[in-house]
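Here is the structure we will look at, set down as structure tokens.
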Amino acid sequence: MDLHFTAAEQAFRAEARAWLEAHVPKEPLPSGDTREGFARVRAFERELFEGGWAVVSWPREYGGREASLVEWLIFEEEYYRAGAPPRVSQNGIFLLAPTLFEFGTDEQKARILRPMAAAEVMWAQAWSEPNAGSDLASLKSVAVRAEGGWKLTGQKTWCTRGAFCDWIYGLFRTDPEARRHKGLTYFMIPLTAPGVTVRPVERLDGDEGFAEVFLEDVFVPDQDVLGEVNQGWSVAMATTSSERGLSLRSPGRFLATAERLIALWRERGDPTDQRLRDRVVRAWMDAEAYRLHTFQTVASLQAGRSIGPESSINKLFWSEMDVRTHETALSILGALAELDTGAPDAVDGGAWLRGYEFSLAGPIYAGTNEIQRSIVAQHVLGLPRDRG
Amino acid sequence: MDLHFTAAEQAFRAEARAWLEAHVPKEPLPSGDTREGFARVRAFERELFEGGWAVVSWPREYGGREASLVEWLIFEEEYYRAGAPPRVSQNGIFLLAPTLFEFGTDEQKARILRPMAAAEVMWAQAWSEPNAGSDLASLKSVAVRAEGGWKLTGQKTWCTRGAFCDWIYGLFRTDPEARRHKGLTYFMIPLTAPGVTVRPVERLDGDEGFAEVFLEDVFVPDQDVLGEVNQGWSVAMATTSSERGLSLRSPGRFLATAERLIALWRERGDPTDQRLRDRVVRAWMDAEAYRLHTFQTVASLQAGRSIGPESSINKLFWSEMDVRTHETALSILGALAELDTGAPDAVDGGAWLRGYEFSLAGPIYAGTNEIQRSIVAQHVLGLPRDRG
Amino acid sequence: MRFRFTEDQTLFRDAAREMLARHCGPEVVRAAYEQGAGAPDAWRHLAEQGISGMLLPEAQGGLGLGMCELILILEETGFAALSEPVVETVAVAGPLLEECGATALLARWAPAIAGGRARVGLGLDGQPYVEGADRADLLLMERAGELHALTPERALLTAQASVDGARRLFTVQWAEGTGTRVAQGEMAARALARARLRATLGTAAQLIGLGARCVELAVEYAKVRTQFGRPIGAFQAVQHKLVDAFAALAMARPAVYRAAWSLDRGDPEVDLHVSMAKAQASDAATLCTRSALQCHGAIGYTTEYDLHLYMKRAWALSRAFGDSDHHRARIARQILGD
Amino acid sequence: MRFRFTEDQTLFRDAAREMLARHCGPEVVRAAYEQGAGAPDAWRHLAEQGISGMLLPEAQGGLGLGMCELILILEETGFAALSEPVVETVAVAGPLLEECGATALLARWAPAIAGGRARVGLGLDGQPYVEGADRADLLLMERAGELHALTPERALLTAQASVDGARRLFTVQWAEGTGTRVAQGEMAARALARARLRATLGTAAQLIGLGARCVELAVEYAKVRTQFGRPIGAFQAVQHKLVDAFAALAMARPAVYRAAWSLDRGDPEVDLHVSMAKAQASDAATLCTRSALQCHGAIGYTTEYDLHLYMKRAWALSRAFGDSDHHRARIARQILGD
């Protein structure tokens with residue numbers, strides 16, 4: 004065990020910090036889930052790419068710098084510490100890319116990864132359908148064989164930032180006879196293709212952060228099938244496992260939130276209120292515990308273990324921690340907690356309220372926490388399948 | 004609405020208080036779940052009966068004083084306020100008696116109720132079997148027809164204070180062909196009957212508060228069948244409904260605990276620790292809320308409504324409140340919390356520790372809280388049956 | 002001891018509930034949320050049903066009733082997320098003017114209040130914003146223990162956007178002038194303290210209604226939403242989450258009703274009772290929003306679906322007139338005396 | 002940064018686990034609980050495996066290792082509910098004497114400690130009771146910033162019954178005499194502070210093991226106990242409760258390991274790290290006891306079943322050397338600086 008960062012890791016951190024201090028906008032950008040904010044964050048991500056910081060752990064040929072996982076965590080810490088915005092390329096670089104690395108053809112990798120890293124082509128996930136949420140395997144959208152490719156028809160929903168993105172990826176039923184998890188295929192679809200309609204859906208906080216995507220006889224060539232035909236479920240599961248695991252929410256984000264909370268407490272907290280002070284301490288401890296746990300996971304990955312269903316524990320933890328942390332901030336704000344962006348009295352432009360709203364989505368997206376608990380129960384604790 | 008007590012109610016309270024102050028032992032009695040404590044509490048309950056306070060809401064002919072439900076609640080408040088011991092006749096007077104009043108023959112009522120109220124005959128419940136706990140309907144003990152009665156064979160378990168009681172009551176399968184809830188009959192059985200073996204089981208706190216009861220060809224005459232043959236399930240459900248409802252845990256008990264907690268806080272709490280102080284306040288509020296809720300329920304009963312599945316909400320609330328209250332007390336005690344009865348330094352003779360242990364049984368007995376939540380979900384909220 | 006409303010009181014409540022279902026459905030709340038429209042039809046009907054004047058003296062055309070009568074209706078206005086100043090105008094304004102001895106002012110405004118023609122904005126110490134100040138016909142403002150009355154035109158209003166688009170919060174700046182002062186001294190202080198209790202309790206009642214609405218929406222959704230071949234409401238994880246919220250609400254409700262009684266009777270512990278009501282109602286309603294959202298999943302996280310209208314109101318009101326931390330600290334001082 | 006134990010360290014742990022499974026099974030814990038028997042076989046094997054002397058200097062026949070090596074084994078002693086003073090004797094005594102500069106005393110006791118022939122009782126300020134004082138060969142007692150050493154015969158021991166029958170708590174009264182004082186001044190204070198950290202952290206590690214044992218018992222029971230025609234472990238309510246406990250433990254564990262590292266390296270934040278470890282471990286273990294008991298139902302509420310042995314130890318240790326409230330208050334002072 005060695006909990007000191009190596010000289011190389013420290014140098015990496017110093018370099019990242021210097022670059023970020025020079026480049027992260029001094030004023031926070033608008034939410035990446037609005038059209039304007041999306042464009043501005045995307046522009047920042049292009050800069051990030053130019054600087055070589057967009058995808059630090061990727062191979063150099065795709066724009067990475069082949070950083071270790073520890074270095075990636077360090078970068079994330081520095082990224083959020085610097086006040087840089089949540090990535091709008093998130094669902095490309097953290098969700099699709101790992102699948103491409105594992106299942107993509109050389110042609111696909113060569114064509115897709117670098118423009119994704121450079122924020123030239125923006126990707127949205129299209130996992131859910133109106134009747135297939137937690138029960139993802141019940142999806143109904145279909146793809147039928149056509150000359151040189153497939154014709155896709157159906158409806159996808161809750162596509163994050165789908166209204167602003169260029170491409171989506173998701174599963175379609177290619178074998179109508181096969182049941183549930185079988186007979187699905189993983190497709191990548193340009194939203195400009197004929198037959199695609201995108202309808203933005205407003206989130207709780209008023210941002211157009213969701214989209215519904217309607218497909219009617221949309222032609223997708225064979226080259227945009229990812230992995231084997233009818234093997235989409237296992238291909239996708241590799242992705243959702245990385246989604247639930249490390250990459251979706253690195254500790255850096257929560258450490259930065261905890262630091263902001265401490266600053267808020269110092270600025271506005273009633274120093275005699277030990278109850279709230281205790282909640283601030285809990286929030287800090289949670290973020291710290293998640294950081295330690297993640298470094299442990301990374302060390303275990305480096306030793307050749309795979310991440311597996313334990314990653315569901317991460318999702319449970321960070322999503323609930325994030326809600327508690329924001330609740331604590333709102334309690335500190337008291338009567339000012341309800342003030343939204345635009346209110347003259349809003350503290351930090353209403354960021355804590357917005358953050359609270361977003362935190363409430365955490366126990367829902369990327370597999371509800373109910374699903375995660377059942378995964379841990381059955382695949383880690385070895386309890387019998389529930390009737391779900 | 005009238006939240007003042009009437010003059011009659013106030014007079015009732017004053018009378019009860021005066022009697023209790025004169026009769027409740029100054030030193031707390033040993034736990035009624037030990038053989039010695041059982042005998043001593045039983046003796047006290049005889050006194051209670053002599054004084055006319057054993058079963059205040061019962062008809063006079065069985066030893067009651069026909070008090071209203073409000074008066075019964077007042078009596079319970081005064082009873083626990085005076086530091087009187089938890090009733091060892093509990094499972095007779097509060098569990099079996101309501102069923103007898105509803106389903107018993109005149110002969111049974113005349114024979115059983117008064118000795119029960121007088122603590123001359125002590126009753127234990129025998130609901131569970133080793134393989135029928137939450138799933139009560141899966142019980143396997145049988146009764147077969149015999150001349151003038153039935154022969155009972157099987158095993159019952161978790162019979163509270165069964166090792167010290169005289170009689171048990173429970174369900175036996177009288178129609179082997181019928182499934183689950185059907186074909187069960189409600190029997191009352193003297194533990195002195197030939198073929199009965201009672202084995203005491205030690206509880207968490209070391210008291211012999213449980214018993215297993217083994218029955219082998221135990222003859223029970225027809226006169227000790229309660230309700231119709233093969234209708235035992237519905238007869239029993241009337242009892243468990245009153246068990247879960249008002250009578251099992253009246254607010255008086257928790258109000259007294261909350262007052263003791265406040266006293267403990269004043270005596271030993273660190274007055275600068277607002278976190279613990281806040282937990283003391285929550286404990287007090289919980290007890291107060293439960294009291295208000297119960298008065299509301301009683302008013303609704305008096306207006307002719309039945310208590311129904313809402314009573315499960317009571318069970319959920321008081322059982323979890325009781326755990327939290329005791330946890331708070333143990334937090335106040337800190338390093339002394341683990342001291343048990345007999346330790347020279349133990350505060351209040353270890354009563355908070357013992358109380359904590361007992362409180363942990365609350366979410367389990369009388370139908371686990373998981374079962375209660377499912378009852379509320381399905382019978383109050385109208386959600387579909389789970390696969391339970 | 003009879004902890005039960007009379008049949009008259011519950012019939013009154015049922016009528017209000019029915020009226021609100023008709024005139025303040027989700028589409029009305031949505032319009033209020035998106036366009037700041039309030040709910041003028043429901044407001045008019047509140048007057049027609051005699052609710053607006055419930056707490057006004059009979060001599061002033063009111064019904065001379067108390068919080069015990071009004072509390073059930075306030076709960077319904079929460080259930081409906083009514084975007085009108087019913088707490089300020091109906092529960093607080095009349096009694097405040099009366100208890101201040103502001104007879105002339107009361108006589109002037111009572112008919113308009115009872116008739117649904119006046120909306121009142123309320124600015125009490127410790128509350129930084131006045132809800133609906135721009136649409137108020139009368140502002141009742143506390144300053145240094147005195148009660149002042151003014152019209153919005155005499156004040157500088159600064160809008161403060163709330164998470165709940167239907168809440169119109171304003172910072173109100175105004176200069177004392179001749180004629181703004183309504184009452185001062187001991188009497189004003191006492192009346193203002195009672196006004197704060199009324200506003201706090203009215204808000205608690207609305208929170209109970211809002212929590213119930215969130216749970217109801219979630220229960221209905223859980224019955225029809227199917228996943229894994231059965232309604233999600235058949236899963237224990239969903240069932241138990243909703244039961245915990247429902248139970249918290251059931252336990253908070255009597256505390257709210259009791260406080261209404263204590264207010265009406267001038268119970269010496271009324272402060273304690275109101276704080277308990279608000280603490281319990283705030284926490285219960287917040288739990289209801291959390292459980293309801295989680296049981297809905299993504300659909301609940303959109304503004305296209307109705308849940309957010311009720312949820313956001315509950316978030317806002319849970320902190321208005323003191324959050325549960327604030328009220329538990331008050332209770333601590335009273336019951337622990339330290 | 003490499004947050005992983007070496008293969009040697011985990012092999013050492015595995016060997017200890019196996020040994021404890023053999024020599025400190027539930028029947029041994031039960032005997033300790035019912036007859037105060039301790040676990041002498043396991044204690045002897047700890048010495049034979051080289052564990053008892055792990056933290057002693059090599060010059061004294063020890064292995065000269067640190068908490069990073071010992072912490073995994075302490076976790077296992079928690080998992081087994083070992084009723085022997087392993088924290089006091091193995092994790093604290095040697096380093097305390099060494100850091101105090103008590104060379105002669107260390108030389109005298111080290112062979113007995115390493116050989117499993119000595120048990121140490123530890124009386125630190127703030128801890129009212131000394132565990133195992135009656136069976137201790139040596140008592141190390143803090144008094145007014147000084148370290149004293151004495152044998153139990155020189156003290157008046159008053160037994161203080163614990164909820165955990167296998168814990169032998171005593172009030173220890175003793176008079177300073179010539180020869181009891183081991184160290185004083187700055188050096189003693191620093192060494193005693195580190196002893197407190199070691200004891201606290203060792204207890205935290207045991208709590209992690211105890212929590213894991215409770216969850217493991219509940220999982221095994223839930224797999225075999227059938228109700229409503231299926232194992233109760235197939236019900237979401239049971240599954241999710243156990244998962245929450247398991248997850249809390251998984252998140253607390255790295256904090257314990259990190260604190261061991263910080264102790265070994267003299268990290269300037271070691272106080273903070275140990276407090277965090279104890280706070281997290283205490284809360285996680287307590288949650289595990291609650292979930293495990295609830296999932297067992299009535300059987301878990303008897304002393305015939307094993308769960309209580311592990312549950313009661315967890316209750317006791319969760320408050321020993323400071324409960325989570327105590328440690329969070331320490332953390333608050335350090336990170337909030339107020």
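Those protein sequence lines, which keep their order, are chains B, G, X and L. Here the first sequence is numbered in my numbering, starting from 4 and rising by one per residue. Here the second sequence is numbered in my numbering, starting from 4 and rising by one per residue. Here the third sequence is numbered in my numbering, starting from 2 and rising by one per residue. Here the fourth sequence is numbered in my numbering, starting from 2 and rising by one per residue. Using N, Cα and C, we set each Cβ at its ideal position, and we do this for glycine too. Since we're looking at a predicted model, the values are computed, not measured.
L294, Q295, G298, A299, Y302, T303, T304, E305, H309, W316 and A317: these are the residues of the stretch 286-317 of chain L whose beta carbon lies less than 7 Å from some beta carbon of chain G, given in chain order. Identification of chain X residues near H24(L) by a Cβ-Cβ cut-off of 7 Å yields none; the smallest Cβ-Cβ distance measures about 41 Å. For the options M68(X), M55(X), S276(X) and S84(X), the alpha carbon positioned closest to that of L310(X) is the one of S84(X).
Taking a beta-carbon distance threshold of 8 Å, R327(G) does not count as an interface residue toward chain X. At a beta-carbon threshold of 9 Å, the residues of chain G lying near P232(X) are L386 and P387, ordered along the chain. Here the alpha carbon of P254(G) sits roughly 39 Å from the alpha carbon of A364(B). Flagged as an interface residue toward chain X: D348(B), by a C-beta distance shorter than 8 Å. Assignment of I171(G) by DSSP, reduced to helix, strand and coil, places it in the strand class. Here DSSP, grouped into helix, strand and coil, assigns L64(X) to coil. Beta-carbon to beta-carbon, A261(B) and A292(B) are separated by about 11 Å, too far to satisfy the 8 Å threshold. Membership of G124(L) in any alpha helix (DSSP H) is not indicated; the residue belongs instead to the beta strand (DSSP E) covering V121 to G124.
For R271(B), there are no neighbours in chain X by C-beta distance under 9 Å, as the nearest C-beta there is about 13 Å away. Under the DSSP assignment, F217(B) falls in the beta strand (DSSP E) whose first and last residues are F213 to P224. Rounded to whole angstroms, the gap between the alpha carbons of A32(X) and L47(X) is 19 Å. In this structure, the CA atom of F97(G) is about 22 Å from the CA atom of A306(G). Those residues of the stretch 68-83 of chain B placed with their C-beta closer than 7 Å to a C-beta in chain X do not exist. The C-alpha of V232(B) lies about 21 Å from the C-alpha of W126(B).
Nearest to G26(X) by alpha-carbon distance, out of P232(X), A43(X) and S263(X), is A43(X). Within the DSSP secondary-structure output, H149(X) pairs in a beta bridge with M142(X) and R182(X). For G136(G), the closest C-alpha among the options I367(G), H382(G) and V383(G) is that of I367(G). The beta carbons of L125(X) and A200(X) sit about 7 Å from each other, so the pair counts as a contact at 8 Å. Taken atom to atom, the span from the alpha-carbon of L97(L) to that of A196(L) is near 6 Å. At a beta-carbon threshold of 8 Å, none of the residues of chain G lie near S283(L); the nearest stands roughly 11 Å away. In this structure, the straight-line span from the alpha carbon of A122(G) to that of A286(X) is close to 46 Å.
Under the three-state reduction of DSSP, T90(X) is assigned to helix.
Comparing alpha carbon positions, the residue from A167(X), L106(X) and M312(X) closest to H149(X) is L106(X). DSSP, reduced to helix, strand and coil, places L157(L) within a strand of the structure shown.
Assignment of L342(G) by DSSP, reduced to helix, strand and coil, places it in the strand class. A residue is called buried when at least 16 other Cβ atoms come within 10 angstroms of its Cβ; R294(B) meets this threshold and is buried.
Among the bridge pairs identified by DSSP, L187(B) is matched with R176(B) and Q234(B). In this structure, E35(X) keeps its C-beta atom at 8 Å or more from the C-beta atom of E205(B).
Between the stretch 218-234 of chain B and the stretch 171-184 of chain X there are fewer than three inter-stretch CB-CB distances shorter than 8 Å, so the stretches are not counted as touching. Any Cβ of chain B closer than 8 Å to the Cβ of C215(L) would place that residue at the interface, and such an atom is absent. Secondary structure at I192(B): strand, using DSSP grouped into helix, strand and coil.
Proximity of the stretch 16-35 of chain B to the stretch 54-62 of chain B meets the contact definition, three or more beta-carbon pairs being nearer than 8 Å. When C-beta distances to chain L are compared with 7 Å, the residues of the stretch 316-341 of chain B below that value are I316, L319 and F320, in chain order.
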